[in-house]
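Enquirer: Before I ask anything, here is the structure I am working with.
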Amino acid sequence: MRMKPQTSEKIAKTLIWTAALSVLVVLVAILVYILLKGLPHISWSFLTEIPRSMGREGGIASTIVGTLLVSFVAIIIAVPFGIGTAFYLAEYTRETMVTRFIRFSAESLAAIPSIVYGLFGLSFFVISLHIGLSILAGGLTLAFMILPTIIRTSEEAILAVPQSYRETSFSLGGTKWQTIRKSVLPSAIQGIANGIILSLGRCVAETAAVFLTAGMTLHMATSILAPTRTMAVHFYLLAMEGISMDNAYGTAALLIILVFIINVGANAFVNKAMAKGK
Amino acid sequence: MRKFKENLSGRIFFILALSSISALALITVFIFIKGVPFIAEVGLFNFLFGSSWAPDHGEYGILPMIAGTFIVTFGAALIGIPIALCCAVFLAEIAPAWLRNLFRPAIQLLAGIPSVVYGFWGLVFIVPFIMNHFGGPGVGILAASIILGIMILPTVISISEVSILALPRQYKEGALALGLTHWQTIRSVILPSAKSGIVAAVILGIGRAVGETMAVIMIVGNAPAMPRSILDPVRTLTTNIGLEMNYASGLHEKALFATGIVLFIIIMILNASAQYFTRKRSF
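First to last, the protein sequences are chains A and B.
The opening residue of the first sequence carries number 40 in the working numbering; numbering runs sequentially from there.
The opening residue of the second sequence carries number 866 in the working numbering; numbering runs sequentially from there.
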């Protein structure tokens, strides 16, 4: 029996609407649940006090500082390499074996699971380079992990710059480097910033790669070579070892808020770039 | 001076690009350096097909973890992929503009939520539900499949949507002009034409499910044994590393790196096939 096209149209569209809306419902369910349970536990002292008795009491200040420092190190290291690679791919070469190989490597880096980055960071930075479990080792590991994101988003932003910008610069006698610095980079900078901010979000959210390389100590970090515990790792340990559900919910809510702010910030850059393009 | 700067900048960009790709080589080398001697010592067959993992007794078989990874991933794909494809079609073809503008950032947020938060939500929300309605311990294959099914949504949705949007307008216009309904156009013109991109999206989504660690640790039960039902707890390759790496030493530590090699190879195969399908895209 064949269905009338109008009937199958209705059924299919109803199914698609249901699937799409159910995804929104799941997202809202996760956000509302964590925020409702967690927000009441966030207070000034929760944010500014160091954890006491394994995190059962006190706040999470040292893990906030740890998260920011590890992410900061990762961004500082990954950004020059990521943007440089993107400019090389977009401006300095045609499609050759070399560029194809670079792209393949970047895609592969993007696909490697974070736990494998953790193993690598442990084996290379922590043990072989004798850096030890530390903010530096954690940041370096995360830098490797976010590199492909920065390369891809920067390359897309550079390729989106209209060809006429480059031609104008060349016609005025500009060299390649002058063209890139004065014409392409200023136009692409917002797209590049978007990628960097999204990578920051990945650093903040990451757990598996960080606890193997940055350690788990709850002390306030004193130097970049000191070990630390990030918020995501702290949350994991609080929840899994049943140390304090209240503080776990508080930390989770704070993580969600941070990720939300980072996403909004990233989108602000994209919208600004689009408004400028019009 | 101008010429000098010109040459220098080109060189520097090339060197930066070269360092970026040497990252992949470095990672490969340092995972294999630690894991390969272990495999040589224990034997590839004993390692891959041994069914008992008991490091205290010198038994290092990861067959249960390979099985666990495959079953959990299969479950996640079964749950996540149909929903993700519906969402991609919804975004590209059906959603009104205002809803699309709400939906895209929502998907981005879904991608940004830390995996530990997903795991935790599964633990306090999905696990009790399974325990009350289906019995068993709650933690296990079903719980992990549901959470992973949600976690792979953003990857599959965004890549499929891009490949649908990349199709030439004429395809859709031609089909509609021939009198096809919107759904007939989607089913018989749009989806088949975007097939390569969608297949790549699905493979990359599967790769994410295989590679996820923290969320799975919290809800999969972590028993290194062969499962008999979808409610049984299992252990995956990633969770095997994540659970034991902190206290492992000696041969045990090397065994975990060897587990990492297996994971790495699976991901590389998935990634290479995803790239093959991406290249095949004609648009």
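Every residue, glycine too, gets a C-beta built ideally from N, C-alpha and C.
(1) Does any residue of chain A bring its CB to less than 7 Å from the CB of B/Leu-1096?
(2) Determine, using beta carbons only, whether A/Gly-213 comes closer than 7 Å to chain B.
(3) Just to make sure I have the definition right: I need the residues of chain B whose C-beta is within less than 7 Å of the C-beta of A/Phe-274. Which are they?
(4) Taking a Cβ distance cut-off of 7 Å, strictly less, list which residues of the segment 994-1020 of chain B are near chain A, in chain order.
(5) Output yes or no for whether 7 Å exceeds the beta carbon distance between B/Glu-871 and A/Trp-56.
(6) Taking Cβ-Cβ distances shorter than 9 Å, what residues in chain B pair up with A/Thr-188?
(7) Using DSSP with H/G/I as helix, E/B as strand and the rest coil, what is B/Gln-929?
(8) List the residues of chain B that A/Gln-45 touches, going by C-beta distances under 8 Å, in chain order.
(9) Using only alpha-carbon positions, find the residue among B/Ala-1113, B/Val-982, B/Leu-1056 and B/Ala-1088 that is nearest to A/Val-71.
(10) Of the choices B/Ala-1065, B/Ala-971, B/Ala-890 and B/Val-1075, whose alpha-carbon is the least far from that of B/Arg-1144?
(11) Does A/Lys-317 pass the burial test, meaning 16 or more other C-beta atoms within 10 Å, or should it be called exposed?
(12) Determine the DSSP secondary structure at A/Arg-268, reduced to helix, strand or coil.
(13) If you pair each beta-carbon of the segment 193-205 of chain A with each one of the segment 124-141 of chain A, do three or more pairs fall below 8 Å?
(14) Can you tell me whether B/Gly-915 is helix, strand or coil according to DSSP?
(15) Out of A/His-169, A/Ser-82 and A/Phe-159, which has the shortest C-alpha to C-alpha gap to B/Phe-1129?
(16) Compute the Euclidean distance between the alpha carbons of A/Gly-289 and A/Arg-241, then round it to the nearest angstrom.
(17) Using DSSP's beta-bridge definition, name the partner residues of B/Val-1099.
(18) How long is the line joining the alpha carbons of B/Gly-984 and B/Gly-977, rounded to whole angstroms?
(19) Whose Cβ in chain B lies nearer than 9 Å to the Cβ of A/Tyr-204?
(20) Does DSSP put B/Arg-1093 in a helix, in a strand, or in coil?
(21) So for A/Ile-44, helix, strand or coil by DSSP?
(22) Determine the direct distance from the alpha carbon of A/Thr-218 to that of B/Leu-1018, and round the result to whole angstroms.
(23) Compare the C-beta of B/Lys-1145 against all C-beta atoms of chain A and say whether one is closer than 7 Å.
(24) Pop quiz: A/Ser-238 and A/Ile-189 are said to be a contact at Cβ under 8 Å. What is the actual Cβ separation, rounded to whole angstroms?
(25) Does B/Ile-1048 pass the burial test, meaning 16 or more other C-beta atoms within 10 Å, or should it be called exposed?
(26) So which residues on chain B does A/Gly-240 lean against when the C-beta distance must stay under 7 Å?
(27) B/Gln-867 CB to nearest chain A CB: under 7 Å?
(28) Pick out whichever of B/Ala-941, B/Gly-875 and B/Ile-1095 has its Cα sitting closest to the Cα of A/Tyr-131.
(29) What is the DSSP secondary structure of A/Glu-88, counted as helix, strand or coil?
(30) Given this structure, state the Cα-to-Cα distance separating B/Phe-939 from B/Ile-1011, to the nearest angstrom.
(31) Please confirm whether B/Leu-974 has its beta-carbon closer than 7 Å to some beta-carbon of chain A.
(32) Does the beta carbon of A/Leu-158 come closer than 7 Å to any beta carbon on chain B?
(33) So what does DSSP say about A/Gly-97, is it helix, strand or coil?
(34) Please look up how many angstroms separate the CB atoms of B/Thr-934 and B/Val-1085, rounded, as I've assumed it's under 8 Å.
(35) Using a Cβ cut-off of 7 Å (strictly closer), state whether A/Ala-247 contacts chain B.
Expert: The answer reads as follows:
(1) no
(2) no
(3) Val-981
(4) Ile-1015 and Leu-1018
(5) no
(6) Within chain B, no residue comes near A/Thr-188; the closest Cβ sits about 11 Å away, beyond 9 Å.
(7) Per the sequence shown, the amino acid found at residue 929 of chain B is Pro instead of Gln. If DSSP states are grouped into helix, strand and coil, B/Pro-929 belongs with the helices.
(8) Thr-1046
(9) B/Val-982
(10) B/Ala-1065
(11) Here A/Lys-317 scores only 43 on pLDDT, less than 50, and its place in the model is too uncertain to base an answer on.
(12) coil
(13) yes
(14) coil
(15) A/Phe-159
(16) 20 Å
(17) B/Gly-1086
(18) 14 Å
(19) Result: empty, since nearest Cβ-Cβ is about 18 Å, beyond 9 Å.
(20) coil
(21) In the sequence on display, residue 44 of chain A carries Pro and not Ile. Three-state result, A/Pro-44: helix.
(22) 40 Å
(23) no
(24) 6 Å
(25) What sits at residue 1048 of chain B in the sequence shown is Trp, not Ile. Burial call: buried.
(26) Gly-977
(27) The sequence given here places Arg at residue 867 of chain B; Gln does not occur at that position. It does: the Cβ of B/Arg-867 has a partner Cβ on chain A nearer than 7 Å.
(28) B/Gly-875
(29) coil
(30) 11 Å
(31) yes
(32) yes
(33) strand
(34) At roughly 10 Å, the Cβ-Cβ gap does not stay under 8 Å, so B/Thr-934 and B/Val-1085 are not in contact.
(35) yes
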